[in-house]
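Asks: Sharing a structure, written as structure tokens. Questions coming.
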Amino acid sequence: MLSSKSFRMRLRTGVATLAALTVISGGTIAKAEEFLTIGTGGVTGIYYAVGGGICRLVNQGRKEHGIRCSVESTGGSVYNLNTMRQGELEMGIVQSDWQFHALNGTSLFEENGPDEELRSLFSLHPDTVIIAARRDAEINSLDDLGGKRVNLGNPGSGTRGTAEVLVEALGWDMDHFGLVTELKSAEQSSALCDNTIDAFLMVAGNPVANVLEAASSCDINIIAVDGDKVDALVESKPYYGKVTIPGGLYRGVENDVQSFGLPSTFVTSTNVPEETVYVMVKTVFENFDKFKTFHPAFANLKKEEMVVNGLSAPMHPGAEKYFREVGLIE
């Protein structure tokens with residue numbers, strides 16, 4: 000019998016594989032198509048843009064390599080990792096902290112144990128913890144969030160998981176807030192400016208579409224995520240680092256704002272064939288300049304850092320093969 004993890008991929012390729020066995024005119028054999036889906040995040044977020052960019056590049060060469068790539072809007076990092084483990088997604092964009100926890104069976108993945116089939120491809124932009132607040136809510140620091148209506152992200156998202164880690168590190172619990180909501184990223188800016196919430200937290204690459212939208216619709220503050228407890232949290236985890244949100248990036252926020260963040264990463268599993276991964280990684284890296292135009296957060300990507308940063312899971316052999324060929328790893 001097929002395992003649940005391999006069933007979906009075999010089902011997707013079954014019809015195409017049968018076609019490949021059918022002799023057509025001229026004695027040639029039709030090439031099998033392989034269908035892959037990348038789990039991303041909300042449709043307004045950077046993860047969706049990343050997945051869409053990768054698929055556009057890969058699909059341009061579909062006739063040569065037979066890979067058809069599609070993206071799926073999902074709940075985010077934790078959802079993507081769980082769904083890949085179940086065999087219902089082939090690849091996903093995830094925060095590096097949740098990649099680490101999925102690999103080791105810790106935090107939100109403790110119940111299911113380590114995901115020994117999880118594999119890294121490469122890292123992407125740095126995701127930053129961003130707290131946007133309506134200016135008339137009089138939230139100017141982390142301490143001012145007490146008793147306020149705050150959106151901490153939808154369950155299953157990396158944002159929500161990181162928000163819960165931050166809340167615990169600050170010595171708070173959910174009762175610290177007046178109300179905790181679970182809106183998706185696409186709903187946050189309108190909720191903020193409509194006075195449904197006072198602030199929202201998200202983890203994403205700057206500039207973030209819904210923060211830009213909020214800043215253009217109402218007056219906002221970006222709250223510094225700093226202090227001794229935040230410093231201790233950052234120092235305690237190998238995947239966290241300090242990040243500066245540049246002043247002038249969002250309307251009305253003229254000064255630099257300190258926070259912390261982590262790399263986002265592109266991951267897959269051992270169930271995806273080596274040659275498939277090789278083609279996808281090669282396609283992105285050989286069209287690197289074009290790939291960097293797909294989102295402003297990609298502007299400073301460096302190939303040398305992308306094969307190292309945030310990759311706690313073993314590298315997939317297909318990615319490793321390409322990176323060795325071009326000298327990015329030894």
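In numbering that gives the first Met the number 0, the protein residues as written are 0 to 329. Ideal Cβ positions, reconstructed from N, Cα and C, are used throughout, including at glycine.
#1: Tell me which residue opens and which closes the alpha helix (DSSP H) that SER76 is part of.
#2: Is it a yes or a no for the region 97-114 touching the region 175-194, going by three-plus beta-carbon pairs under 8 Å?
#3: Our contact map puts VAL276 next to GLY317 with C-beta atoms below 8 Å; I'd like the distance itself, whole angstroms only.
#4: In the region 230-277, which residue ranges form an unbroken beta strand (DSSP E) of at least 3 residues, counting only runs that do not cross its ends?
#5: Could you give the distance in angstroms between the alpha-carbon of GLY26 and the alpha-carbon of THR282?
#6: Skipping 5 residues on each side, what residues in its chain have a beta carbon closer than 7 Å to that of THR269?
#7: Please go through the same chain and pick out, in chain order, the residues whose beta-carbon is closer than 7 Å to the beta-carbon of PHE287, but skip the five residues on each side of it.
#8: Measure from the alpha carbon of LEU232 to the alpha carbon of each residue in GLY204, PRO313, ALA162, then state which is nearest.
#9: Should ALA298 be labelled buried (16 or more other beta-carbon atoms within 10 Å of its own) or exposed?
#10: May I have the straight-line CA-CA distance separating ARG148 from ILE328, to the nearest angstrom?
#11: In the DSSP assignment, the alpha helix (DSSP H) including PHE290 goes from what residue to what residue?
#12: If you drop the 5 nearest sequence neighbours on each side, which residues of the same chain put their C-beta closer than 7 Å to that of VAL42?
#13: Beta strand (DSSP E) containing PHE322: first to last residue?
#14: What is the residue span of the beta strand (DSSP E) that SER69 lies within?
#15: By Cβ distance below 6 Å, which residues in the same chain neighbour HIS100 in space, the five residues on each side in sequence not counted?
#16: Quick one: grab the DSSP three-state call for THR27.
#17: Which ranges does the beta strand (DSSP E) cover as unbroken runs of at least 3 residues, wholly within the region 145-187, from first to last along the chain?
#18: May I ask which residues mark the beginning and end of the beta strand (DSSP E) holding ASN220?
#19: Does the CB of ALA101 have a neighbour CB from chain D at under 8 Å?
#20: Straight-line CA distance for ILE23 to GLY65?
#21: What's the call for ASP96, buried or exposed, on a 16-neighbour Cβ count within 10 Å?
#22: Pull up the DSSP beta-bridge partners for LEU200, would you.
#23: Could you give the DSSP three-state label for ILE92: helix, strand or coil?
#24: Could you name the residues of the same chain whose beta carbon sits closer than 7 Å to that of VAL278, not counting the 5 residues immediately before and after it, in chain order?
#25: Looking at the unbroken beta strand (DSSP E) that takes in LEU211, where does it start and where does it end?
#26: Could you compute how far the alpha carbon of LEU120 sits from the alpha carbon of ALA132?
#27: Between which residues of its own chain and ASN350 is the CB-CB distance below 8 Å, once the five residues before and five after are set aside?
#28: Counting only the same chain and skipping the five closest in sequence on each side, list residues whose C-beta sits under 7 Å from that of ASN205.
#29: Measure the Cβ-Cβ separation of GLY91 and VAL70 and say whether it is below 8 Å.
#30: As a quick exercise: from SER311, VAL306, LEU200, GLY170, pick the residue whose alpha carbon is nearest that of PRO237.
Replies: To lay it out plainly:
#1: Taken as a continuous stretch (DSSP letters only), the alpha helix (DSSP H) holding SER76 covers 76-84.
#2: At 8 Å Cβ cutoff, the stretches do not touch.
#3: The pair is a contact, with the Cβ atoms about 3 Å apart (cut-off 8 Å).
#4: Complete beta strand (DSSP E) runs here, min 3: 240-244, 256-268.
#5: Confidence is the limiting factor: at GLY26 the pLDDT is only 40, short of 50, which leaves the residue's position unreliable and the question unanswerable from this model.
#6: Correct list, in chain order: GLU116, ARG118.
#7: Once the five neighbours on either side are set aside, the close Cβ partners of PHE287 are LYS302.
#8: Minimum Cα distance to LEU232 is reached at ALA162.
#9: Counting other Cβ atoms within 10 Å of its Cβ, ALA298 stays below 16 and is therefore classed as exposed.
#10: Approximately 47 Å, taken between the alpha carbons.
#11: Secondary structure note for PHE290: its alpha helix (DSSP H) is the uninterrupted segment 287-290.
#12: When the five nearest sequence neighbours on each side are left out, the beta carbons in the same chain lying within less than 7 Å of the beta carbon of VAL42 are those of SER72, ALA185, in order along the chain.
#13: Run containing PHE322: none in the beta strand (DSSP E); it sits in the alpha helix (DSSP H), 316-324.
#14: Unbroken beta strand (DSSP E) run through SER69: 66-71.
#15: Residues SER106, PHE108 of the same chain have their beta carbon placed closer than 6 Å to that of HIS100, with the five preceding and five following residues left out of the count.
#16: Residue placement at THR27 is poorly supported in this model, since its pLDDT is 38, which falls under 50; the coordinates are not used for a value here.
#17: Listed in chain order, they are 148-150, 178-180.
#18: Under the DSSP assignment, ASN220 falls in the beta strand (DSSP E) whose first and last residues are 219-222.
#19: Checking the listed chains, one finds no chain D in this structure; it contains a single protein chain.
#20: Confidence is the limiting factor: at ILE23 the pLDDT is only 38, short of 50, which leaves the residue's position unreliable and the question unanswerable from this model.
#21: Its Cβ being crowded by 16 or more others within 10 Å, ASP96 is buried.
#22: DSSP output for LEU200 lists ILE130 as bridge partner(s).
#23: The answer is strand: DSSP assigns ILE92 an E or B state.
#24: Excluding positions up to five away in sequence, the list reads HIS64, ILE66.
#25: Taken as a continuous stretch (DSSP letters only), LEU211 belongs to no beta strand (DSSP E), being part of the alpha helix (DSSP H) at 208-216.
#26: Approximately 35 Å, taken between the alpha carbons.
#27: No answer is possible for residue 350: it lies beyond the span of the chain, which begins at 0 and ends at 329.
#28: Beyond the five residues adjoining it in sequence on each side, ASN205 comes within less than 7 Å, by CB distance, of THR127, ILE244, LEU248, ALA296 in the same chain, given in chain order.
#29: Between GLY91 and VAL70, the C-beta spacing is not below 8 Å.
#30: Nearest option by C-alpha distance: SER311.
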